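Novice:
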Amino acid sequence: MEQQRKTIESEFPGLLAEKPKKEEREGLPPLEGAQHGSVVTRFPPEPNGYPHIGHAKAAIIDEEYARMYDGKLVLRFDDTNPEAERLEYYAAIKVGLDWLGIKFDRVKNTSDDIELLYKKSVELLGGNFAYVCTCKQETISANRREMRPCKCSLGQVEQNMERWEKMFSKYKQGDAIVRFRGDIKSENTVMRDPVMLRIIETKHPLLADKYRVWPSYDFAVAVEDSIDGVTHAFRTKEYELRNELYYAILDALKMRKPRVLEFSRLGFEGMPVSKRVLRPLIEEGKVSGYDDPRLPTLEALKRRGIRPEAIRKFVMSLGFTKADTMAPFETLESFNRKIVDSESIRLNMIKNPANIKVVGLPQTITVPNHPTKEMGSRTIQLDEGVYLEQEDLQNIKVGDKIRLMGLGNVSITGLGPQATARYAGDEMTSDIPKIHWVVQKTAQKIKILVPSQLFFGEQFNESSLEELNVFSEPYYSELKDGVEIQFVRFGYCRKDSLLQAIYTHR
RNA sequence: GCUCCUGUGGUGUAGACCGGUUAAGCAUACUGCCCUCUCAAGGCAGUGAUCCCGGGUUCAAAUCCCGGCGGGAGCACCA
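The working numbering applies: residue 4 is where the first sequence begins, and numbers increase by one.
(1) Give, in chain order, every unbroken run of the alpha helix (DSSP H) that is at least 4 residues long and sits entirely within the region 373-430.
(2) Return the CA-CA distance between Ile314 and Phe338, expressed in angstroms with no decimal places.
(3) Could you tell me which whole beta strand (DSSP E) segments of length 3 or greater appear in the region 277-354?
(4) With a threshold of 6 Å on Cβ separation, who are the neighbours of Asp403 within its own chain once the five nearest residues in sequence on each side are excluded?
(5) The alpha helix (DSSP H) with Leu269 in it runs from where to where?
(6) Can you list the alpha helix (DSSP H) stretches of 4 or more residues lying completely in the region 190-274, in chain order?
(7) Which of helix, strand or coil does DSSP assign to Ile63?
(8) What residue does the beta strand (DSSP E) around Asn163 start on, and which one ends it?
(9) For Ala357, which three-state DSSP category applies?
(10) Using 8 Å as the cut-off, can you tell me whether the region 418-429 makes contact with the region 437-454, which would need three or more C-beta pairs spanning the two stretches below that distance?
(11) Please classify Pro316: is it buried, with 16 or more other beta-carbons within 10 angstroms of its beta-carbon, or exposed?
(12) Hey, how far is the Cα of Val362 from the Cα of Phe474?
(13) Taking C-alpha atoms, which residue in Thr192, Gly388, Ser466 and His55 lies nearest to Pro454?
(14) Kindly list the residues whose CB is nearer than 7 Å to the CB of Arg307, restricted to its own chain and excluding five residues on each side of it in sequence; keep chain order.
(15) Are the CB atoms of Pro331 and Leu457 within a distance shorter than 8 Å?
(16) Which of the three DSSP states is assigned to Ala133 in this structure?
(17) Can you tell me which of Pro85, Arg70 and Ser345 puts its alpha carbon nearest to the alpha carbon of Tyr214?
(18) Does DSSP classify Asp499 as helix, strand or coil?
(19) Check the C-beta distance from Asp101 over to Pro47 and give it rounded, since I have them as a contact under 8 Å.
(20) At which residues does the beta strand (DSSP E) containing Leu482 begin and terminate?
(21) Would the beta-carbon of Ala255 fall within 8 Å of that of Leu127?
(22) Can you name the start and end residues of the alpha helix (DSSP H) that Ile96 belongs to?
(23) Among Glu394, Pro420, Thr423 and Val43, which residue has its Cα nearest to the Cα of Ile493?
(24) Note down, in chain order, each residue of its chain lying with its Cβ closer than 7 Å to the Cβ of Gln212, except the 5 sequence neighbours on either side.
(25) Which first and last residues belong to the beta strand (DSSP E) in which Asn472 is found?
(26) Measure how close the beta-carbons of Pro54 and Leu301 come, nearest whole angstrom, since I'm counting them as under 8 Å.
(27) Spatial neighbours of Leu119 within its chain, please: C-beta separation below 8 Å, excluding the five flanking residues on both sides.
So, in structure tokens, the structure goes:
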């Protein structure tokens, strides 16, 4: 064996050389054609709703790549449909992205560039790459379906130019559109002379009625990505068929072409993201609003106690793939738990109280707020009346010893509706049951909202939000709203208000 | 229906472009042990995938080719 090895080494040097080992890749896969320092990515949300986990995935990928290549990230509000955009959404999206910790090198709106888009439109028309179509909508769609060119496509450049002018004066909404000359017989339906600009008379949230001719998504993204210097444009999979159009438009315009790549949409089982299903839920009062803890909106996730860093780790763990999958919410929870664990004050809380009277208790005790981290301590005023969890008393007999966590040992002297016990010192023994407790006199009644899956298939889950009426230590009221706490032996919760907490995860 | 995309343990992925030395790495979930005044976090170990199926190419295929099947998406004057 050794002999052979030597022979091979001398006869065929290099044959036994270590193969370039495939080392474990960290993070996103490398980008083709990416030059360090000159990569530009972009996140182009439409301001037509509240940001959700899907936006987070896209924005995080965009930012991670920009960061990876020491490049730039552009936030561009894709606001080319005045019927859908609303001012509050521009702000909501920005707030959500800030919360996620995403930093942009530039923020702009597609609507800033309307004039430029008009120029490009004229260029298209002038080069006969597009025409103005005045057919009825139904006719157009029927023709597209049947691969039939409509008569407007036969018009000369002059006619199109005339009609183009009329789009700004005579024509009304629905009367005329600019269509790209694609290929009406293409297998790819997107290429069958798609809409580039159309008339919309609704007021735009930023520009009011300054314009009435608006570019379509396909026209706007291609041109905008190109002029924004985007080198790599990412979008979700459902846009895949539009790549051909994207490149065709830029070819016709002789503009620089970014590379377009797509990734799978992110969704959670039973947690709808689409406005189509969310809106009725809110209108019918089935959920309280866009920050209802059952929803995958960023507001809701935040309110529920999910940290932005957890979302980022989660998104990165999903990778950059086109495989469609329902992401496991529990993975997000796991990342979150690790972050939140070291920052959460531990408090006692009783769900199903059992009364017990303990005699011989000290006046007060001081307990640490966290088992290992230095998070201060709190002093608890003791009293004979104590609440224990009913469940914990289940298998207890008279004479048994139990340990009230942080307080000391207690031996049971009587059971029943009013159990009794006697304080039995503070000596630690290992095999004693350790249970949590709350002083009755000072117990604070609070409500804990426990969110769970909103839908099972198409079916709305009527019990998706459980309300628990519980007794917490009074220290709860001294905590600031928004802090994450761990109710011992129960789970993590985020303080939503003085009287309400929201269950984060176990 | 047509077109495109996709298919690795329960789940999400790495590996696939450049086929062999890992019959498959990581995370999550689960189980057990350790630690612990929590059923959390942490540490350790373990269960679990013949890489959708069937052919083919090859000395050799999760990796290349062909054909099925399953899943998703698009077929808007929405993005």
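C-beta atoms are modelled at their ideal positions from N, C-alpha and C, and glycine is treated no differently. Just so it is clear, the structure is predicted and the values come from calculations on it, not from any experiment.
Specialist: Reading it off the structure:
(1) 393-396
(2) Rounded to the nearest angstrom, the two C-alpha atoms are 8 Å apart.
(3) 348-350
(4) Ile415
(5) First-last for Leu269: undefined, no H or E at that position.
(6) 220-230 and 246-255
(7) helix
(8) Premise fails: Asn163 lies in the alpha helix (DSSP H), Val160 to Lys169, not in any beta strand (DSSP E).
(9) Note: Ala357 maps to strand in three-state DSSP.
(10) no
(11) The sequence as given places Lys at residue 316; Pro does not occur at that position. Label assigned to Lys316: buried.
(12) If I take the Cα positions, the gap works out to 21 Å.
(13) Ser466
(14) Pro296, Pro454, Arg497, Ile505 and Thr507
(15) No, the Cβ-Cβ distance between Leu457 and Pro331 is not below 8 Å.
(16) strand
(17) Pro85
(18) Of the three classes helix, strand and coil, the one that applies to Asp499 here is strand, per DSSP.
(19) The Cβ separation is near 17 Å, so there is no contact.
(20) That residue, Leu482, is in no beta strand (DSSP E); it is neither H nor E in DSSP.
(21) yes
(22) Where Ile96 is concerned, the enclosing alpha helix (DSSP H) starts and stops at Leu90 to Leu103.
(23) The amino acid occupying residue 493 in the given sequence is Phe; Ile does not appear at that position. Comparing C-alpha distances from Phe493 to each of Glu394, Pro420, Thr423 and Val43 shows the shortest one belongs to Glu394.
(24) A small correction: the amino acid at residue 212 is Asp; Gln does not occupy that position in the sequence shown. Excluding sequence neighbours, Asp212 sits near Lys206.
(25) Leu468 to Ser475
(26) 5 Å
(27) Result list for Leu119: Val226 and Ile230, in chain order.
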